[in-house]
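Protein chains: 2
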Amino acid sequence: MTQQLPCSQTGGSAADYHIHTGNCIDILPELPEKSVELIFADPPYNLQLKQELYRPNQTLVDGVDDTWDQFPSFESYDEFTRQWLSACRRVLADDGTIWVIGSYHNIFRVGKIMMDLGYWILNDVQWHKTNPMPNFRGVRFTNATETLIWAKKSEKQKKYTFNHQVMKQLNEGKQMTSVWQIPLCTGAERIKDEHGKKAHSTQKPEALLERVILSSSNEGDLVLDPFLGSGTTCAVARKLNRRSIGIEQEPRYVKIAENRLKTEGTQ
Amino acid sequence: MTQQLPCSQTGGSAADYHIHTGNCIDILPELPEKSVELIFADPPYNLQLKQELYRPNQTLVDGVDDTWDQFPSFESYDEFTRQWLSACRRVLADDGTIWVIGSYHNIFRVGKIMMDLGYWILNDVQWHKTNPMPNFRGVRFTNATETLIWAKKSEKQKKYTFNHQVMKQLNEGKQMTSVWQIPLCTGAERIKDEHGKKAHSTQKPEALLERVILSSSNEGDLVLDPFLGSGTTCAVARKLNRRSIGIEQEPRYVKIAENRLKTEGTQ
DNA sequence: TATAAAGGTGAATCCGCAC
DNA sequence: AGTGCGGATTCACCTTTAT
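Residue numbers (my numbering), protein chains in the order written: chain W, 1209 to 1475; chain G, 1209 to 1475.
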C-alpha cells in the first residue's frame, strides 16, 4: 500500500527511508496498522495557520464565522491534534512508543489529548537548550526548554523498547535523567537555502534525535515522522541503522529533506 | 468578608497572613474580587500509583498515596481543576499573575484548562531537581523535573510584575532562564511529625517559593495559596514582607502550617 | 574530636514470564 | 487473574553510627 503513494525511497538496506508528500492525516490511513515501532512528531503550533486549514467539522475556514466561540483557534488546533495523534496510534505497533515535542504554546493541549486518546505517558523529557535566545526586553524568563512527551500506546501495554544501558553510557555511566542539555541546531548542521538563510525555521539538532532513536528503538526498526520538516529524523535513523518513513506537506521541505539524504548518503 | 470565615491570622504588619480551613472552591468565592496580586497553587497531581515500589535493596518507597490525591477519572479531575482555576481568576487582580506547579501526570490537563479559561502563559518554568529519586528498575528516564506554569490573567493584560533585575542578581548577573536547579526539600527544612516521619508528603522547598515570590510580586503585595499544605508559601511570603492568604482543606496540615508560622515568627 | 562508614529517603504512573 | 520465581535494577544528599 505504501508503494501506491507518491514517495521517494531507497531500497535494500536496513536503513531504507521513504518520504511521502502530503498531509499526514491523509497519508497515515494508507499505511498498514501496527507497522511502526517508533514515532517522532514535531507538530506545528502556529495557531493562525491551523485555523485556516482545519475546523472541527473538517471544512475549510474562509473568513469570519460567528459560529466560533471565544477560542476558535484552540478548538481547531485540538481537532487537528486529535486527528493526527489518532492516525499515528493506528499505525503504531502494540509494543511501540511515540515522542512528541512542543513548547508551552501547544504541549499542554497535545499532552491532554494524548492522555484522552489512551496514550500512557512514560516521561516528560526537557530539552534544556544550552544556548537559548535571550528575552531581550526582560519581561519574562529566558525560555530555555522544549518539552518532549514520551508515551506508550496504552496503560496496559507491557512491552516497549528502552535501551537503558545505552542511555547510561551516554551519561558517564549514570542513569540518564529526563533533562537533556543539548545546544540549538546552528552552524554547519543548520541547513541553509540558496540565499544563505535557514531553510527551515524549527530544524531540530541531530543530537536530540539520536537520543530519541537510540533510547527507544533497535536496529532495523521502522521509525515514522509525520511532520518531517528538514528531514532530521530520517537522516539520524539511517545513520543509526533504522528504517524510516517521513511525511511532509510542504514540497519545499520535502526537497530539502530529499537533498539532505541524497547528499549525506554519498558521504 | 474574609474576617467572617474561620481563619487564623496575624495583624498589623506588612507581612500579615491568614489561613483558612476548607476547600478552596468553597472559600475563594467569599474573598473579594481582584484582591490578590499573586497566586501560587500546588494542586493534587492525581498520580495514579497502582502498586508498591521497592528499591533494589528491597525497602519500600514511601509513595504519595494520600486520598486527597485520588480522583476517579480524568473528567472529574478536569472539572475540579476548572473550578478552582476559575475561582482563582476571580480574586486575581487585573495586573496579577498565577503560578501552578505540577508533573506530567496532571500539568498538561491543567495547562490546557488554564488556556481555555483565558489565562495567558508567560513561561513554563522547569524545576530541575538536583537530587531526584532514581528510576530503580531502569525502565524509564529518571523523572528529574516538575513544571511551573506562570500566567497572566488574559492575553490583553498589559501590566504585571516581573522583577527582572532581582532575578538577574540571583543568577550571577545573567538573565534568569526558565530552568531552576533547586534540590528537593529534605533534611532540617523538611517538617517532621511526632514520630519523626515527614509531616506532608509533598512539601516544597523554600528556595522554589523564594524565586516565585521575588520574581512576580512586590513588598506589601497580597499572595494567595489555595492549596497551602505545610505552609511554605505563607512562610516565605512573610520572610519577604508580603501579605498572604492560605487555604487548606486538611485540618492536620493547617495545624502544621500554623505551628510553623508561629514558631518561625518568634525566631 | 575528627573522620569514615553505614543508613535513610525523595510527587514514582518502575519486570516478565511460566504455570 | 492470580501466584511464584528468576533476574535485573539506584543517585544525591543528609543523618546517624562506628572507628
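Where a beta carbon is used, it is the ideal one built from N, C-alpha and C, also for glycine.
Subject >> First through last residue of the alpha helix (DSSP H) which encompasses W1292(G) >> reply: For W1292(G), the enclosing alpha helix (DSSP H) starts and ends at 1282 to 1299.
**OP:** Output yes or no for whether 9 Å exceeds the beta carbon distance between V1308(G) and L1325(G).
**Re:** L1325(G) is positioned such that its CB atom lies no closer than 9 Å to that of V1308(G).
Original post:
Which chain G residues are close to P1340(W), counting only those with a beta carbon under 7 Å from its beta carbon?
Top reply: Chain G residues near P1340(W): T1385.
**OP:** Tell me whether L1236(W) sits in a helix, a strand or coil according to DSSP, three-state version.
**Re:** L1236(W) sits in a helix when the DSSP states are folded into three classes.
Original post:
Thinking just about the alpha-carbon of each residue, which of K1258(G), D1273(G), N1254(G), T1338(G) is nearest to the one in E1283(G)?
Top reply: Of K1258(G), D1273(G), N1254(G), T1338(G), the smallest CA-CA separation from E1283(G) is found for N1254(G).
**OP:** Go to A1415(G), then tell me how far its alpha helix (DSSP H) extends in each direction, as first and last residue.
**Re:** Going by DSSP, A1415(G) is part of the alpha helix (DSSP H) stretching over 1414 to 1424.
**OP:** Anything in chain G within Cβ reach of R1348(W), meaning under 7 Å, just list it in chain order.
**Re:** Neighbours of R1348(W) on chain G, chain order: L1330, N1331, F1370.
Original post:
Going straight from the alpha carbon of R1460(W) to that of F1288(W), what length do you get?
Top reply: Inter-residue distance for R1460(W) and F1288(W) is about 22 Å (C-alpha atoms, whole angstroms).
Original post:
For P1251(W), does the count of other Cβ atoms within 10 angstroms reach 16, so buried, or fall short, so exposed?
Top reply: That one is buried.
**OP:** Pull up the distance between the alpha-carbon of T1210(W) and that of P1413(W), whole angstroms please.
**Re:** Because T1210(W) carries a pLDDT of 44, less than 50, the predicted location of this residue cannot be relied on, and the following value inherits that uncertainty. Their Cα atoms are separated by approximately 28 Å.
Original post:
Does I1390(G) come within less than 9 Å of chain W when only Cβ atoms are used?
Top reply: The C-beta of I1390(G) comes no closer than 9 Å to any C-beta of chain W.
Subject >> DSSP state of N1467(W) mapped onto helix, strand, coil >> reply: Reduced to three states, the DSSP call for N1467(W) is helix.
Original post:
Interface residues of chain W around K1320(G) at Cβ under 7 Å?
Top reply: Correct list: F1316, R1317, K1320.
Subject >> Near-chain W residues of the segment 1272 to 1295 of chain G (beta-carbon distance less than 9 Å), N- to C-terminal order >> reply: Along the segment 1272 to 1295 of chain G, the positions whose C-beta sits under 9 Å from a C-beta of chain W are F1282, D1286, read in chain order.
Original post:
Which residues in the same chain as A1195(W) place their Cβ atom closer than 6 Å to its Cβ, once the five residues preceding and following it in sequence are excluded?
Top reply: Since the first and last residues shown for chain W are 1209 and 1475, residue 1195(W) lies out of range.
**OP:** Could you please give me the residues that DSSP links to Q1377(G) through a beta bridge?
**Re:** According to DSSP, which records beta bridges pairwise, Q1377(G) is partnered with nothing at all.
Original post:
Where does D1277(G) sit, in a helix, a strand or coil, going by DSSP?
Top reply: D1277(G) falls in the helix class under three-state DSSP.
Subject >> Q1383(W) beta carbon less than 9 Å from that of H1336(G) >> reply: In this structure, Q1383(W) does not lie closer than 9 Å to H1336(G) by Cβ.
Subject >> Given P1434(G) as reference, the closest of L1239(G), G1219(G), T1218(G) once Cα atoms are compared >> reply: Considering only alpha carbons, the answer is L1239(G).
**OP:** Using a Cβ cut-off of 9 Å (strictly closer), state whether Y1312(W) contacts chain G.
**Re:** Closer than 9 Å: yes.
Subject >> chain G contact for Y1262(W) (CB, 9 Å cutoff) >> reply: Confidence at Y1262(W) is low in this model, with a pLDDT of 46, below 50, so its placement is unreliable and no value can be given for it.
**OP:** Take the Cβ of E1551(G) as the centre, count every other Cβ of all protein chains shown within 10 Å, and call the residue buried at 16 or more, exposed below.
**Re:** The first residue shown for chain G is 1209 and the last is 1475, placing residue 1551(G) beyond what the model contains.
Subject >> Interface flag, W1358(W) vs chain G, CB-CB below 9 Å >> reply: Yes, W1358(W) counts as interfacial toward chain G.
Original post:
Counting contacts by CB-CB distance shorter than 9 Å, is H1336(G) in contact with chain W?
Top reply: Yes, H1336(G) lies at the interface with chain W (some Cβ there is under 9 Å from its Cβ).
Original post:
Along chain W, which residues have their Cβ under 8 Å away from the Cβ of T1353(G)?
Top reply: D1332, Q1334, S1386, V1387, listed in chain order.
**OP:** Give the interface partners of N1254(G) over in chain W, defined as CB-CB distance under 8 Å, in chain order.
**Re:** Per Cβ cutoff of 8 Å: no residues; N1254(G) is ~11 Å from chain W at best.
Original post:
Between the segment 1410 to 1443 of chain W and chain G, which residues of the former have a C-beta closer than 7 Å to a C-beta of the latter?
Top reply: Residues: none.
Original post:
Helix, strand or coil: which one does DSSP assign to H1403(G)?
Top reply: Three-state result, H1403(G): coil.
Original post:
Going straight from the alpha carbon of I1315(G) to that of Q1266(G), what length do you get?
Top reply: Pairing I1315(G) with Q1266(G), the inter-Cα distance amounts to about 31 Å.
Original post:
Any idea if D1429(G) is buried or exposed, counting beta-carbon neighbours within 10 angstroms, 16 or more meaning buried?
Top reply: Classification of D1429(G): buried, given that the 10 Å Cβ count is 16 or more.
**OP:** Could you tell me the distance, in whole angstroms, from the CA atom of T1218(W) to the CA atom of A1443(W)?
**Re:** Note on geometry: alpha-carbon atoms of T1218(W) and A1443(W) lie some 13 Å from one another.
Subject >> Simplified DSSP state of A1396(W), which is helix, strand or coil >> reply: Under the three-state reduction of DSSP output, A1396(W) falls in the helix class.
**OP:** Output, in chain order, the set of chain G residues within a Cβ distance shorter than 8 Å of D1250(W).
**Re:** Using a Cβ-Cβ cut-off of 8 Å, D1250(W) is close to nothing in chain G; its nearest Cβ partner there is about 17 Å away.
Subject >> Burial state of V1318(W), where buried means 16 or more other Cβ atoms lie within 10 Å >> reply: By the Cβ neighbour-count rule, V1318(W) is buried, with 16 or more other Cβ atoms within 10 Å of its own.
Subject >> Spatial distance of I1421(W) from R1398(W) (CA atoms) >> reply: Whole-angstrom Cα-Cα distance: 20 Å.
Subject >> CB of S1375(G) within 9 Å of CB of S1452(G), strictly >> reply: What sits at residue 1375(G) in the sequence shown is Met, not Ser. In this structure, S1452(G) does not lie closer than 9 Å to M1375(G) by Cβ.
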